[in-house]
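Residue numbers (this note's numbering): 464 to 715.
For every residue, glycine included, the Cβ atom is placed at its ideal position computed from N, Cα and C.
Read the structure below first, then the notes.
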Amino acid sequence: MTDTIRIERDGRVLVVTMNRPDKKNALTHAMYAAMADAIDGAQEDDGIRVVLLTGAGDAFTAGNDLVDFQSNPPRGTDTPVARFLRAILNAEKPLMAAVGGVAVGVGTTMLLHCDIVVVSENAMLQTPFADLALVPEAGSSLLLPQVVGTALASDMFLTGRRLSGEEAVQIGLASRFAPHAELETEARRIAHGIAAKAPEAVRLTKGLLRRNREETGARMAHESALFTERLKSPEFMEAATAFMQKRPPNFG
464 MTDTIRIERD GRVLVVTMNR PDKKNALTHA MYAAMADAID GAQEDDGIRV
514 VLLTGAGDAF TAGNDLVDFQ SNPPRGTDTP VARFLRAILN AEKPLMAAVG
564 GVAVGVGTTM LLHCDIVVVS ENAMLQTPFA DLALVPEAGS SLLLPQVVGT
614 ALASDMFLTG RRLSGEEAVQ IGLASRFAPH AELETEARRI AHGIAAKAPE
664 AVRLTKGLLR RNREETGARM AHESALFTER LKSPEFMEAA TAFMQKRPPN
714 FG
């Protein structure tokens, strides 16, 4: 476990908090590994019935830590990133998210694997993969169009369009809205309510709703291969350098 991921047992709810507020909870390989361990462990723990993801400070997560990923690009199927993506794809127990700040890149795409997403007025969702010379991940090129339609998914992926929490609820990317001061309390209340229900009925219901996991997993694998190639591309090198230098990228 790492101190950048905080794990709390709240009754039958496991609260997993991305805890790197000085970097807006940007995700490193170590953080992915810790979250994968927590989610996978919860599946084997009869005392846990719901997993709730949240972020410390004023962010959910700003997405991948570009310095960490540029210096150590993920390769293969057993990397921390791959393990995390498999964990959220295959989780049989309900996954929830409380989003009270920026949710960029994987911060948005992981929500597609959450069964309940609660957002506040401070939430801002964005998928700026093309801005970084990357491609969508987490199966989002399949799942996002299914949720919001191809037109809006294309707008989000190709322009990096930002969505407010209210918009996320309106288009079905989030389940509920809560005032920011009450966000985590409301998310925990919902989680405890689900945890009090018949666990096998809940598991089977989620399985029916998520019945296309095999197709999603295949798309996720294809995206991951492309994503890894993009991390070695001259376009990504320029995008990452421009990001660090706080200037617009020049793609010629």
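On the DSSP bridge assignment, give the partners of residue i in chain order.
i, result
"V569", "DSSP lists no partner for V569."
"F592", "Partner(s): none; F592 has no beta bridge."
"N527", "L490"
"V581", "A561, R639"
Once DSSP output is grouped into helix, strand and coil, what is the label at residue i?
i, result
"L667", "helix"
"D503", "helix"
"R549", "helix"
"V478", "strand"
"S627", "strand"
"A560", "strand"
"V610", "helix"
"D473", "strand"
"I511", "coil"
Could you tell me the alpha carbon to alpha carbon distance between residue i and residue j, rounded to whole angstroms?
i, j, result
"P608", "A659", "33 Å"
"R682", "L595", "21 Å"
"V598", "F592", "5 Å"
"L558", "A644", "22 Å"
"R483", "H492", "13 Å"
Residue i: buried (16+ other C-beta within 10 angstroms of its C-beta) or exposed?
i, result
"R512", "buried"
"M494", "buried"
"P642", "exposed"
"G573", "The residue you asked about is not Gly; residue 573 is Met in the sequence shown. By the 10 Å Cβ count, M573 comes out buried."
"M498", "buried"
"L588", "buried"
"A664", "exposed"
"R674", "exposed"
"K556", "buried"
Given residue i, which residues of its chain have a CB within under 6 Å of its CB, disregarding the five upstream and five downstream residues?
i, result
"A522", "K487, N488, G564, V565"
"T540", "none"
"M619", "T590"
"M481", "N488, G518, T524"
Sorted by chain position, which residues of the same chain lie with C-beta nearer than 7 Å to residue i's C-beta, five sequence neighbours on each side aside?
i, result
"S687", "A545, E600"
Using a Cβ-Cβ cut-off of 8 Å (strictly less than) and excluding sequence neighbours within five positions of residue i, which residues of its own chain qualify?
i, result
"G728", "Here the chain comprises residues numbered 464 to 715, so residue 728 is not present and cannot be evaluated."
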